[in-house]
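One structure below.
There are 2 protein chains.
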Amino acid sequence: MRIRADWRASVALVGTVLKYLSIPLVIPLVVALIYTEPVFPFLATIALTIAVGHGLEQLRPDPDLQVREAMLFVAISWLAVAMIGAVPYVIAGWGTESTLAHPVNALFESMSGFTTTGATVLGSISLEDHSHAIMMWRQLTQWLGGMGIIVLMVAILPELAVSGAQLVESEAPGPQLQKLTPRIAETARILWLVYFAFTVVYIAILYGFHLAGMADNMTLYNAIAHGFTTLPTGGFSPEADSVAAFSAIVQWTAIPFMIIAGTNFALFWHVFSGDGHRFVRNSEFRAYISAIAGLTVLLAGILYTGAAPPLGDLGGVTAGVFENSLRQSAFQIVSLLTSTGYATSDFADWSSTGQIVLLFAMLVGGCAGSTGGGVKVVRWLIVFKVLRRELFTASHPEVVRPIRLGGNIVDEDAIRGVLGFSFMYLVIFALATLVIALDVSRVAAIEEFTALEAFSASLATIGNIGPGFGFLGPFGNYNDFPIPSKLLMVFLMWIGRLEIIPVLVMFTGGFWTR
Amino acid sequence: MRIRADWRASVALVGTVLKYLSIPLVIPLVVALIYTEPVFPFLATIALTIAVGHGLEQLRPDPDLQVREAMLFVAISWLAVAMIGAVPYVIAGWGTESTLAHPVNALFESMSGFTTTGATVLGSISLEDHSHAIMMWRQLTQWLGGMGIIVLMVAILPELAVSGAQLVESEAPGPQLQKLTPRIAETARILWLVYFAFTVVYIAILYGFHLAGMADNMTLYNAIAHGFTTLPTGGFSPEADSVAAFSAIVQWTAIPFMIIAGTNFALFWHVFSGDGHRFVRNSEFRAYISAIAGLTVLLAGILYTGAAPPLGDLGGVTAGVFENSLRQSAFQIVSLLTSTGYATSDFADWSSTGQIVLLFAMLVGGCAGSTGGGVKVVRWLIVFKVLRRELFTASHPEVVRPIRLGGNIVDEDAIRGVLGFSFMYLVIFALATLVIALDVSRVAAIEEFTALEAFSASLATIGNIGPGFGFLGPFGNYNDFPIPSKLLMVFLMWIGRLEIIPVLVMFTGGFWTR
Ligand SMILES: [K+]
Ligand SMILES: [K+]
Chain A
17 MRIRADWRAS VALVGTVLKY LSIPLVIPLV VALIYTEPVF PFLATIALTI AVGHGLEQLR
77 PDPDLQVREA MLFVAISWLA VAMIGAVPYV IAGWGTESTL AHPVNALFES MSGFTTTGAT
137 VLGSISLEDH SHAIMMWRQL TQWLGGMGII VLMVAILPEL AVSGAQLVES EAPGPQLQKL
197 TPRIAETARI LWLVYFAFTV VYIAILYGFH LAGMADNMTL YNAIAHGFTT LPTGGFSPEA
257 DSVAAFSAIV QWTAIPFMII AGTNFALFWH VFSGDGHRFV RNSEFRAYIS AIAGLTVLLA
317 GILYTGAAPP LGDLGGVTAG VFENSLRQSA FQIVSLLTST GYATSDFADW SSTGQIVLLF
377 AMLVGGCAGS TGGGVKVVRW LIVFKVLRRE LFTASHPEVV RPIRLGGNIV DEDAIRGVLG
437 FSFMYLVIFA LATLVIALDV SRVAAIEEFT ALEAFSASLA TIGNIGPGFG FLGPFGNYND
497 FPIPSKLLMV FLMWIGRLEI IPVLVMFTGG FWTR
Chain B
17 MRIRADWRAS VALVGTVLKY LSIPLVIPLV VALIYTEPVF PFLATIALTI AVGHGLEQLR
77 PDPDLQVREA MLFVAISWLA VAMIGAVPYV IAGWGTESTL AHPVNALFES MSGFTTTGAT
137 VLGSISLEDH SHAIMMWRQL TQWLGGMGII VLMVAILPEL AVSGAQLVES EAPGPQLQKL
197 TPRIAETARI LWLVYFAFTV VYIAILYGFH LAGMADNMTL YNAIAHGFTT LPTGGFSPEA
257 DSVAAFSAIV QWTAIPFMII AGTNFALFWH VFSGDGHRFV RNSEFRAYIS AIAGLTVLLA
317 GILYTGAAPP LGDLGGVTAG VFENSLRQSA FQIVSLLTST GYATSDFADW SSTGQIVLLF
377 AMLVGGCAGS TGGGVKVVRW LIVFKVLRRE LFTASHPEVV RPIRLGGNIV DEDAIRGVLG
437 FSFMYLVIFA LATLVIALDV SRVAAIEEFT ALEAFSASLA TIGNIGPGFG FLGPFGNYND
497 FPIPSKLLMV FLMWIGRLEI IPVLVMFTGG FWTR
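Sequence lines, in order, name chains A and B. Everything in the first sequence is counted per my numbering, starting at 17 for the first residue and increasing by one. Everything in the second sequence is counted per my numbering, starting at 17 for the first residue and increasing by one.
Laid out in structure tokens, this is it:
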């Protein structure tokens, strides 16, 4: 059996990625120096990632990757980076009470970071139990993950034409969507600039509120920490109370920035090039905004009329309070629809009806070409157009009707890719729910475990959302799950983030041999 | 705006169906005479259905229906029959405590019967509060519904080529699948013979157990009543405890007959024609049996190891009891997978993990061309083949791969129909869950209502299953829902039973005008 995929070329390029990982590792190192905290976890990891990266690069560098090699490169990159990223957690946690001292937990937290999921197994989210440097590394992993996703979504996946990712192109062709490498570098640089600019503006606004006395606890540290996790739709926070820890104006400000994070980044490039009309003409963006608006109004009504139970300490009362109903609703819908996962109140305690509305938001996902996870708006758009066509052709079998998106006819192959992806997503999600339930019931480690937790764990990880329902709510924790479930969730975060197919093909025989 | 669909022809044919409905209405009339109970509800309904049927027939009889007219005929038939079928409930309930005195409840119960769903709003399931005749009518509606479904599935829908129903033909071409009417009559007669024969054999076996002293309460009345609801995968029972009311041997006997009910009826015709190999060669049947076997073993393990909580009075203890674990598991898996809905213990009280396994069974559905509801095995088979193909073509974009079923290449249009149908099913199910939750929270009529009930109500009605989870378990009741939710569920049972598209197209403008 001859292996036909040129895995050496892929792995060599992963080596390059690992070498680059040493640069951002300097940031937590600097934080450690500022706060006079241990620097060893970061020094050791920098040395490790350079050594491993350099070693892998020796294999056979060949920057001209074919389709299979590109998929292999993408899949291995995220896994390798997550593994290296777990090292500081293990070293820093060594000999302490930290749950992250266990390698599986550290890998979970690191994968959750680099996939911008935001699910946590950190026992106590507190700067008293963990160093400022480690907590900042945790935030930074999400920002780095976001950088990776932007390249992946706008430059790599559309070229691979899997999962219907080529649709990104059909409506909003990016700056220079051309052959894989070296043009990727150009595209990436432009979009990273957009990403970087929004992050800086966001941090400046947050810290501005602090300086203006409107957000006491939004220190520079917190402003940067949240800047690192908003644009990548990450959702990690060094505050145990997430965004509920901050004043109303901070919560209002986060909403538009989460919306930006869930938007196709290529569109911003067009705005900066003077072609702002693209936004209005982009049917995915219109559907995205409509979904946010519709669900927000619906949920605000539920919260205002008090159909949701009175909120606890966090978030305050909404029944009869217009501003808070609208804020809690808009914040939570945007946070879950874009797969960010921040919370301003414990929605796991809301009424069932409110939670069902949130579940709808979770299933939507961000726009294609954004850092948002989930099925994605454009796929739903295609699905609904396909359903409308099926209804029409049922009574008009003689009519051939192409499906259009933004005026262009969508290729039937891309449509099949979209339907296939969406089904694969649902099937894997359902099977994972079953496996997690079986695993938990096997060890009976978790009291009062219900189907809701199995369902939440599966959806929140494959959708890269982070929080779910039941004890996996926004202030909940994944630490109680047994090891096999945690490893399964690591897998779910990984495949969910990479649009499933580039990872899953590796597990088919045909990928390697034919 | 000119109406292009020849609705008069469709409605005229519905009139003929209504006239025929007067014949089976004689059965509860005879039961009433035997037990000296009121005959007026049935006499009045017979008169009504003949009158209405005769009136409609005057419109414009034209037995040569086109595609649209056939869909219209199918959709209106079920609605009209359900409405007429509700009349005996209303008349008999008039002035009594019966919940069926309310027309919406009566329509719900009648639609639940004729769609073989088995969800009930009957306040007390007891022969003390209701006459033997009314309770037998309730059972009979399911048997009649099953007759309608057989014609629909094997003779009408494949011709309409919607929802991928033409797949029934590709693997197991029926006796005489040809143009719509009058050949339908031939096909129907052959398959009805199969249906009738199995029903008679089943009743004989059940009553035989009674005569042999192995099933005390399986009187002739009960044997016939359950004979009427097993082959149509109906699930109604005049016993409040469903099949849990009977001895283990009765429960074991029901299992193979439910499996038969979920099998493509065209296959039996081939067996009786001497071509029994078709069973083994039929890939849908193999998948169906494999799914049943796999889920049964998994659930039996859960019940045997006691991961499910100790069962209550009904069903007995399973932990450590091999026979009961296997029986409860096999019975419940078969009952829910085929969408029958009988129960031998209250699975709504089982552990979450056990319930998730049951949920998988519910989602599978019966075989195409059977009386079973849900998505159906053949569609899942196609979905999985499509997913495998997507994975393969992701790394081999140059290869064109047709999808095969039973050796034949499946038309890409049929595949699109299958994917479209399955998505439509999931989308309608999700939206209905939301609407039911909003409706219930609006009136706050039901205490302790959770997302589980909204989810169950939606799935159990669109899938024509009957029971769900929470307070909608097998011994639960749909009576507590507000009127709008009940009407929505009537709609769900209707569209679920008719494979969605024939009903839904009526609500598109293009159906009538273009
Ligand atoms: K997230
Ligand atoms: K049923």
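Where a beta carbon is used, it is the ideal one built from N, C-alpha and C, also for glycine.
If you check the CB distance, residue 390/B and residue 355/B come in under 8 Å. Beyond the five residues adjoining it in sequence on each side, residue 23/B comes within less than 7 Å, by CB distance, of 88 in the same chain, given in chain order. Only residues of its own chain outside the window of five on either side were considered, and among them 30 and 33 have a CB closer than 6 Å to the CB of residue 93/B, listed in chain order. Per the C-alpha coordinates, the member of 404/B, 61/B, 490/B and 91/B positioned closest to residue 523/A is 404/B.
Within 10 angstroms of the beta-carbon of residue 525/B lie fewer than 16 other beta-carbons, which makes it exposed.
Spanning the alpha carbons of residue 213/A and residue 281/A requires a straight line of approximately 12 Å.
DSSP places residue 451/B in no beta strand (DSSP E) but in the uninterrupted alpha helix (DSSP H) bounded by 428 to 459. Contact between the region 235 to 244 of chain A and the region 335 to 350 of chain A is absent: fewer than 3 CB-CB pairs across the two stretches fall below 8 Å.
In the structure shown, residue 424/A adopts extended strand secondary structure according to DSSP, grouped into three states. At least one C-beta of chain B is nearer than 8 Å to the C-beta of residue 87/A. Residue 65/B has its alpha-carbon roughly 12 Å from the corresponding atom of residue 40/B. The Cβ atoms of residue 476/A and residue 484/A sit closer than 8 Å to each other. In the three-state scheme derived from DSSP, where H, G and I count as helix and E and B as strand, residue 141/A is classed as coil. Using beta-carbon distances, residue 408/A counts as an interface residue toward chain B, with a partner under 8 Å.
By the neighbour-count criterion, in which 16 or more other beta carbons inside 10 Å mark a residue as buried, residue 433/A falls on the buried side. The C-beta separation of residue 359/B from residue 266/B comes to about 13 Å, leaving the pair out of contact by the 8 Å criterion.
CA-CA distance, residue 375/B to residue 315/B, rounds to 11 Å. Collapsing the DSSP output to three states places residue 43/A in a helix. Using a 10 angstroms sphere on the CB of residue 344/B, the tally of other CB atoms reaches 16 or more, which defines it as buried. For residue 107/A, the uninterrupted alpha helix (DSSP H) segment begins and ends at 83 to 109. Pairing residue 465/A with residue 450/A, the inter-Cα distance amounts to about 13 Å. Near chain A, meaning a CB-to-CB distance below 9 Å, the residues of the region 355 to 386 of chain B are 367, 368, 369, 370, 371, 372, 373, 375, 376 and 379. Within 7 Å of the C-beta of residue 355/B there is at least one heavy atom belonging to ligand 2.
Here residue 60/A is exposed, its C-beta having fewer than 16 other C-beta atoms within 10 Å. Counting the other Cβ atoms within 10 Å of the Cβ of residue 494/B gives 16 or more, which makes it buried. Along the region 351 to 428 of chain B, the beta strand (DSSP E) occurs as fully enclosed runs of 3 or more residues at 419 to 421 and 424 to 426, listed in sequence order.
Rounded to whole angstroms, the gap between the alpha carbons of residue 126/A and residue 161/A is 10 Å. DSSP places residue 121/B within a helical segment (H, G or I) once states are collapsed to three. In chain order, 151 and 254 place their CB closer than 7 Å to the CB of residue 143/A, counting only its own chain and leaving out the 5 sequence neighbours on each side.
In the DSSP assignment, residue 507/B falls within the alpha helix (DSSP H) that extends over 499 to 513. Our two residues, residue 26/B and residue 155/B, have alpha carbons roughly 28 Å apart in a direct line. Distances from the CB of residue 249/B to the heavy atoms of ligand 2 include at least one below 7 Å. In the structure shown, residue 113/B adopts coil according to DSSP, grouped into three states. Residue 274/A is not a Cβ neighbour of residue 210/A, given a cutoff of 8 Å. Look at residue 271/A: its beta carbon is at least 7 Å from all of the heavy atoms in ligand 1. DSSP places residue 158/A in the uninterrupted alpha helix (DSSP H) bounded by 148 to 167.
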